[in-house]
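Heads up, the sequence shown is in my numbering, so the first residue is 160 and it goes up one at a time. For every residue, glycine included, the Cβ atom is placed at its ideal position computed from N, Cα and C. Just so it is clear, the structure is predicted and the values come from calculations on it, not from any experiment.
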Amino acid sequence: MKSETQFEAADGIFEGLANLRPEVLRRVLRACTNVKAKRLFFFADRHTHGWARTVAADDFDLGSGKRQVAAAGRLDERYQITIPRGMMRIEDHDR
Numbered sequence: 160m161k162s163e164t165q166f167e168a169a170d171g172i173f174e175g176l177a178n179l180r181p182e183v184l185r186r187v188l189r190a191c192t193n194v195k196a197k198r199l200f201f202f203a204d205r206h207t208h209g210w211a212r213t214v215a216a217d218d219f220d221l222g223s224g225k226r227q228v229a230a231a232g233r234l235d236e237r238y239q240i241t242i243p244r245g246m247m248r249i250e251d252h253d254r
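So this is what it looks like as structure tokens:
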């Protein structure tokens, strides 16, 4: 339950990041060495911010293999991270 609450808090922060400047964001993501953090950041594309059209996950090293973010969560196929079931992408609810 703790990880789900933390995930929801992080998702709330990501939801508010609508005004990020793409060029600064790219520099920050290139400097980031934590694969899980980068995957979580790109998972926030579910909020459809404008910068998401110009900052693509494919341009960054997101490592390989699956990463557990939420215990007993569900795997997000796109970013290979486990997320709380309540945070699934809309298109994943049918699975």
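DSSP places leucine 188 in the uninterrupted alpha helix (DSSP H) bounded by 181-190. A Cβ-Cβ separation of about 7 Å places phenylalanine 202 in contact with isoleucine 242 under the 8 Å criterion. In the DSSP annotation of this structure, the continuous segment of the beta strand (DSSP E) that includes leucine 234 starts and ends at 233-235.
Valine 187 and leucine 179 have their alpha carbons spaced roughly 11 Å apart. Looking from the CA of aspartate 217, the closest CA among Phe166, Arg185, Gly171, Gln227 belongs to Arg185.
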